[in-house]
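One line per chain: the protein sequences are X and Z, in this order. The opening residue of the first sequence carries number 1 in the numbering used here; numbering runs sequentially from there. The opening residue of the second sequence carries number 1001 in the numbering used here; numbering runs sequentially from there. Where a beta carbon is used, it is the ideal one built from N, C-alpha and C, also for glycine. Structure first, then comments.
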Amino acid sequence: SQQGEEDPQALSIQEGENATMNCSYKTSINNLQWYRQNSGRGLVHLILIRSNEREKHSGRLRVTLDTSKKSSSLLITASRAADTASYFCATGGTGGGNKLTFGTGTQLKVEL
Amino acid sequence: DTGVSQNPRHKITKRGQNVTFRCDPISEHNRLYWYRQTLGQGPEFLTYFQNEAQLEKSRLLSDRFSAERPKGSFSTLEIQRTEQGDSAMYLCASSLTQGTYGYTFGSGTRLTVV
């Protein structure tokens, strides 16, 4: 079953613009992660934020986490055509094993 | 070590046949996960191993599915008596045991049941 839901389902922007994707989840979490998937390929880990953190940066990526609202956002600044991909949030539960539950994904298209 | 390797990349099989996929994780990663992904959806958890022990199985993993990780190294996922609904991308990932880390995914095996 899917834990998270990403919003929007699809996003189309121009190169150089910022892209914001949101994720909502249902249960208590230990951490939340974002992954990128290019068409027909495996997923690539982008960033991890722990439940006691509110904001994290990595290069052009900024992630926020609001555990009271059970939501997270991923901001990609100064987007590039190479950022075109599907982006998934994934939540790690409070149980053992760091099993991740993935959301439904946002398809981002960055046009030249 | 070049990452997580999955074989084959593509598999087309007739309904009712058995198929087996292989995953070679990053050597120092003790945890190994199998996920299934259908078109337009996020990956769905199937099962995971810590070393050679299979610690959790999803209810998605029917009796026709079995996974092994002998000696805590590579893993295999077998589907018996395949059905058209088994058509999907099967993804393998590995991670470190201690603490909380992101997964490293393989490129997946795309299964088509005809």
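{"Asked": "Secondary structure of A78/X, DSSP reduced to three states", "Found": "coil"}
{"Asked": "Ordered list of beta strand (DSSP E) runs contained in the stretch 20-83 of chain X, each at least 3 residues", "Found": "31-37, 43-50, 55-58, 61-66 and 71-76"}
{"Asked": "Separation of I76/X from V110/X, as counted between CA atoms", "Found": "11 Å"}
{"Asked": "Whole-angstrom distance between Q1017/Z and P8/X, CA atom to CA atom", "Found": "39 Å"}
{"Asked": "Local conformation of G1085/Z per DSSP, three classes", "Found": "helix"}
{"Asked": "Simplified DSSP assignment, three categories, for K1014/Z", "Found": "coil"}
{"Asked": "Cα-Cα separation, T101/X to P1043/Z", "Found": "8 Å"}
{"Asked": "Contact list for K99/X against chain Z, beta-carbon separation under 8 Å", "Found": "Y1033, F1045, Y1048 and E1056"}
{"Asked": "Test item: CB-CB of R80/X and E15/X under 9 Å", "Found": "yes"}
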